[in-house]
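Enquirer:
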Amino acid sequence: MEFRIAADELKKALYRAQGIVERKTTMPILANVLVTANKGGVTVTAFDLDIGVVSEHPAEVTKPGAVTLSAKYVFDIVQNLPDAQVTLKKLANNYVDISSGSAHFKIVGMAAEEYPKLPKEESAPLVQISGNILLEMIKKTQFAISSDETRYILNGVFFEPQANGKVRMVSTDGHRLSLIERELPGDFKLKSGVIIPRKGLMELKRLLDEAPDAECHLGFAENSALFKKPGLTMVMRLIDGQFPEYQRVIPKEGEKVVLVPKTRLLESLKRIALLSADKSNAVRIGLAQNKLIITASNPDLGEAKDELELAYRGSDITVGFNARYLMDVLGVTDTDEVSFELGDEHSPGVLHGPGDRSFTAVVMPMRV
Amino acid sequence: MRAIIHVDMDAFYASVEQRDNPSLRGKPVIVGGHAQRGVVVAASYEVRPFGVRSAMPMARAMKQAPHAIVVKPRFPAYAEASEAVFNIFERYTPLIEPLSLDEAFLDVTASVGLFGSPAEIARRIRKEIATELGLPASAGIANAKFVAKIASDLAKPNGQREVRSEETVAFLAGLPVSRLWGVGPKTEEALKHEGLETIGDVALKDSAWLDSRFGSSGRHLWELSHGIDARDVVPDRAARSVGAEDTFDEDLTGQEALRPHVHAQALRVARRLRRAGLKGRVIQLKLKFSDFTVVTRRTTLREATDDGQTLYRTALDLLERAHEGRALRLTGVSVLLDEEPPQLGLFPAAPPRSAKLNAVLDRIADRFGTKAITTADIAGADASDDGAHRSERPVDKPRR
């Protein structure tokens with residue numbers, strides 16, 4: 007194997023691999039990327055047995071072949087090369103010579119044959135999608151994904167095509183839930199929704215972020231997802247299981263509804279939560295005649311209080327919340343105002359855009 | 204002003220035996236274990252003039268009252284009677300702090316408007332226990348826990364005594380210092396050394412003097428001698444752990460012999476957890492060896508449980524690690540209760556698979572008693588019943 011490639015191209019390929027390769031693993035080869043050179047160019051593959059990314063790059067190939075190399079070290083090397091071009095040449099015993107300008111590296115690699123094979127997903131019916139919309143949907147659901155590994159069903163986002171050419175994405179950690187519905191027309195040929203795991207979703211987000219306007223395709227087959235954009239293919243295993251019946255926990259309409267200026271509420275939560283007890287982020291949100299009151303108290307520190315003026319004529323109420331959960335929602339809300347619905351101390355709070363429930367977050371209260 | 208009632212059943216186990224077996228009524232009855240090794244679990248009032256007390260070795264009791272009728276303990280019957288007694292308490296207040304199967308503090312401060320004066324409430328409770336359950340009980344009424352407890356003791360048997368707040372100091376004054384809460388033989392000795400024989404003697408000293416002699420407990424002694432005891436009645440629900448332990452009639456060695464006992468204890472704890480609607484994640488096994496040394500081993504489960512088999516499996520793991528083949532006098536299984544998490548959940552947790560089975564077992568036990576259905580190992584070893592001296596409500600209170 008021998009090829010010459012632009013350092014930036016190789017850097018891009020290795021950057022894509024960084025989030026996928028496993029650093030701490032019982033299989034050392036999973037810390038490597040598979041570099042394959044053939045007539046058309048070079049592909050760089052990263053695979054952790056669940057998620058695989060194959061990145062294609064133009065290169066001047068003088069001798070086809072393949073080898074695996076440490077994703078991390080070669081990425082570091084490529085970022086510090088003296089020249090815009092770099093040549094990789096496989097030597098005996100899977101050693102690889104990396105040379106650029108005056109610099110030479112001789113790196114220990116591992117045999118390409120030992121690299122695990124990615125699942126073939128040619129059967130997946132691919133649907134062309136808008137990268138921008140998918141990116142928005144990921145950003146507005148990722149924060150509510152559970153990181154509790156004992157509830158693996160919740161360790162991902164539920165992707166559920168609707169009948170009207172829309173797709174719904176839902177995430178929940180059991181304490182809060184985020185739902186977004188957007189136009190993503192096309193037939194995914196899914197009988198029901200699928201659960202995309204967090205790590206795969208985060209990698210997908212990174213790949214979309216590179217060039218959101220690029221032509222993207224998404225498809226599902228068996229228990230995996232396939233994502234393609236020019237020069238790149240990603241496969242990932244989905245979470246196998248039944249996502250909870252999320253519709254049941256989304257209240258139709260709260261008893262007490264206020265329209266709150268988003269930035270004001272976000273900033274207020276941030277400062278009041280500084281005084282929440284034991285880093286719990288617990289704050290009390292009160293509604294009274296034409297104002298919203300945020301308070302927190304910490305037995306070791308003291309108390310904090312802030313008020314926002316707004317239109318409210320209902321009865322007084324105070325509900326405890328984890329400020330972090332509310333801030334996560336407000337942080338990804340695009341509108342200047344947000345509709346905040348409350349029930350009682352034990353009922354969920356609901357946040358969505360004014361008159362628009364296509365992005366809705368549900369947050370359960372805290373006992374305070 | 205707080206109103207606290209201390210209710211104490213009179214010779215509880217013996218009274219249950221006399222109630223259930225008319226031929227024992229009016230006779231000296233000792234509820235106890237093995238004639239050589241066992242201890243007196245309860246003594247009826249008829250046998251007390253002969254100096255027989257609970258916890259006394261059986262051999263000595265038999266020497267002092269050879270005419271007494273000895274009855275083997277029937278713990279399931281006492282547990283059942285205890286539950287009925289506590290059900291009566293619950294008619295008057297939710298603030299019930301159980302001290303054992305047959306004794307509890309009741310805070311009736313807020314019940315006065317509904318049911319009448321504290322003394323009236325105590326009378327009603329005792330009357331209901333007598334007419335509905337056929338059992339005698341005594342009660343003490345005061346504004347502090349330790350005063351109420353002393354009062355009920357002085358009212359025994361089958362009586363009640365109220366100590367009004369203005370009478371408290373005078374009431375306590377004549378009593379020996381050993382009656383003060385927290386005064387053991389050592390402190391008693393030290394107090395007597397200073398010439399303080401009665402609680403009244405202590406009350407006359409100023410607290411600075413007591414501080415200089417008794418350090419940090421000086422203040423405490425002075426307060427108690429004036430009837431000041433700020434401890435609240437801590438309801439069972441606020442208890443931090445639920446446990447069951449048994450002292451064996453004979454020391455036991457080897458997994459084989461111990462397993463049925465640990466199993467029975469695990470099932471008892473689980474039943475009580477479910478009855479109270481509680482769960483816990485931290486499981487503790489207590490072992491008392493034949494030389495009276497005690498070790499405890501604990502482990503934390505991933506999820507809170509109220510399932511007896513889960514408790515048993517966990518306790519067994521602990522037993523295997525801690526037993527070391529030594530002879531054991533006692534084993535105990537307990538569960539530390541989970542505090543309610545402040546964050547509410549969106550989805551009600553799916554009940555574990557064991558929940559259905561446990562619910563059925565509980566219904567059978569409620570209807571036919573806990574012996575009606577049990578596991579084969581326990582039935583074989585008879586560990587659930589006569590084989591041991593058990594304590595059913597060793598509930599650790601949060602320390603104040």
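Protein sequence lines correspond, in order, to chains A and B.
According to my numbering, the first sequence is numbered sequentially starting from 7.
According to my numbering, the second sequence is numbered sequentially starting from 204.
Backbone N, C-alpha and C define an ideal beta-carbon position, used for all residues, glycine too.
(1) Please return the same chain residues whose Cβ sits closer than 6 Å to the Cβ of V415/A, not counting the five positions on each side in sequence.
(2) Closer than 8 Å, Cβ to any Cβ of chain B: which residues of the region 251-273 of chain A, in chain order?
(3) Taking only beta-carbon atoms, is M212/B less than 9 Å away from chain A?
(4) Is any beta-carbon of chain B found at less than 9 Å from that of G180/A?
(5) Below 8 Å between beta carbons is the criterion; list the residues of the region 374-399 of chain B that meet it against any residue of chain A, in chain order.
(6) What's the gap between the Cα of L224/A and the Cα of P203/A?
(7) Around the Cβ of N170/A, are there at least 16 other Cβ atoms within 10 angstroms (buried) or fewer (exposed)?
(8) Since I believe G137/A is in contact with L214/A (beta carbons under 8 Å), could you give me their beta-carbon distance rounded to a whole number of angstroms?
(9) For M372/A, does the three-state DSSP call read helix, strand or coil?
(10) Within 10 angstroms of its Cβ, does A411/B collect 16 or more other Cβ (buried), or is it exposed?
(11) Are the CB atoms of G355/A and L336/A within a distance shorter than 9 Å?
(12) Please go through the region 356-399 of chain B and give each complete alpha helix (DSSP H) segment of 4 or more residues, from N-terminal end onward.
(13) From which residue to which residue does the alpha helix (DSSP H) around Q605/B run?
(14) In whole angstroms, what separates the C-alpha of M372/A from that of I151/A?
(15) Determine, using beta-carbon pairs with one atom in the region 485-493 of chain B and one in the region 571-582 of chain B, whether at least three such pairs fall under 8 Å.
(16) Could you check the C-alpha separation between Q85/A and Y79/A for me, to the nearest Å?
(17) So is A302/A in contact with chain B if we call contact Cβ pairs under 9 Å?
(18) Kindly indicate which three-state DSSP category K95/A falls into: helix, strand or coil?
(19) How far does the alpha helix (DSSP H) with F165/A in it reach, from first residue to last?
(20) What did DSSP end up calling Q267/B once you bin it into helix, strand or coil?
(21) Is the beta carbon of N361/B less than 9 Å from the beta carbon of D213/B?
(22) Consult DSSP for A447/B and reduce its assignment to one of helix, strand or coil.
(23) To be precise: take each residue of the region 335-355 of chain A, compare its Cβ to all Cβ atoms of chain B, and keep it if any distance is under 8 Å. Which residues remain?
(24) Compute the Euclidean distance between the alpha carbons of V232/B and E365/B, then round it to the nearest angstrom.
(25) Can you confirm whether A288/A, when its beta carbon is compared against all beta carbons of chain B, has any partner nearer than 9 Å?
(26) Select from the region 526-553 of chain B all residues with a C-beta closer than 8 Å to any C-beta belonging to chain A, and list them in chain order.
(27) Using a beta-carbon distance below 9 Å, is R484/B in contact with chain A?
(28) Should the region 253-271 of chain B be regarded as contacting the region 236-245 of chain B, the criterion being three or more beta carbon pairs within less than 8 Å?
(29) With a threshold of 9 Å between beta carbons, is E506/B in contact with chain A?
(30) Do the region 124-143 of chain A and the region 101-112 of chain A touch if we need at least three Cβ pairs shorter than 8 Å?
(31) So which of G25/A, T31/A, G115/A, V41/A has the shortest CA-CA distance to I11/A?
(32) Can you list the residues of chain B that N38/A reaches, using a CB-CB cut of under 8 Å?
(33) Using 10 angstroms around the beta-carbon of S416/A, count the other beta-carbons present and answer buried if the total reaches 16, otherwise exposed.
(34) Applying the 10 Å Cβ sphere with the 16-neighbour rule, what's the burial state of S247/B?
(35) Anyone know if the C-beta pair for M265/B and S368/B falls short of 9 Å?
(36) For the alpha helix (DSSP H) that contains H423/B, what are its first and last residues?
Expert: The short version:
(1) With chain A covering only 7 through 374, there is no way to say anything about residue 415/A.
(2) Listed by position, the residues of the region 251-273 of chain A near chain B (Cβ gap below 8 Å) are V255.
(3) Chain A contact via Cβ: absent.
(4) Residue contact check for G180/A against chain B: a CB pair falls below 9 Å.
(5) Against chain A - using a Cβ distance shorter than 8 Å - the region 374-399 of chain B contributes no residues.
(6) Taking the Cα positions, L224/A is about 15 Å away from P203/A.
(7) When all chains shown are included, N170/A counts as exposed.
(8) Between the beta-carbon of L214/A and that of G137/A there is about 5 Å, and that keeps the pair under the 8 Å contact cut.
(9) In the three-state scheme derived from DSSP, where H, G and I count as helix and E and B as strand, M372/A is classed as strand.
(10) Here A411/B is exposed. Its C-beta has fewer than 16 other C-beta atoms within 10 Å.
(11) G355/A sits away from L336/A, with the two beta carbons spaced by 9 Å or more.
(12) Runs of the alpha helix (DSSP H) inside the region 356-399 of chain B: 371-376, 388-396.
(13) For residue 605/B there is no data in the structure shown, the boundaries of chain B being 204 and 603.
(14) Going by the C-alpha atoms only, they are around 19 Å apart.
(15) Short answer: they don't touch.
(16) About 10 Å.
(17) By the rule that beta-carbons nearer than 9 Å mark a contact, A302/A does not touch chain B.
(18) In the structure shown, K95/A adopts extended strand secondary structure according to DSSP, grouped into three states.
(19) Going by DSSP, F165/A is part of no alpha helix (DSSP H) but of the beta strand (DSSP E) stretching over 162-167.
(20) Here Q267/B sits in helix by DSSP.
(21) Result yes, Cβ atoms of N361/B and D213/B sit closer than 9 Å.
(22) Secondary structure at A447/B: strand, using DSSP grouped into helix, strand and coil.
(23) The residues in question are H352, P354.
(24) Separation of V232/B and E365/B (C-alpha to C-alpha, rounded to the nearest whole angstrom) is 30 Å.
(25) Interface flag for A288/A against chain B is set, since a Cβ pair is found closer than 9 Å.
(26) Correct list: E543, P545, Q546, L547, G548, L549, F550.
(27) The Cβ of R484/B sits no closer than 9 Å to any Cβ of chain A.
(28) Yes, they touch.
(29) Residue-level contact check: E506/B touches chain A, since one or more beta carbons of chain A fall below 9 Å from its beta carbon.
(30) They do not touch, by the three-pair rule.
(31) Of the candidates G25/A, T31/A, G115/A, V41/A, V41/A places its Cα closest to the Cα of I11/A.
(32) Taking a Cβ-Cβ cut-off of 8 Å, N38/A has no neighbours in chain B, whose nearest Cβ is about 34 Å from it.
(33) Given a span of 7 to 374 for chain A in the structure shown, any question on residue 416/A remains unanswerable.
(34) Classification of S247/B: buried, given that the 10 Å Cβ count is 16 or more.
(35) Contact: no.
(36) For H423/B, the uninterrupted alpha helix (DSSP H) run begins and ends at 420-428, by DSSP.
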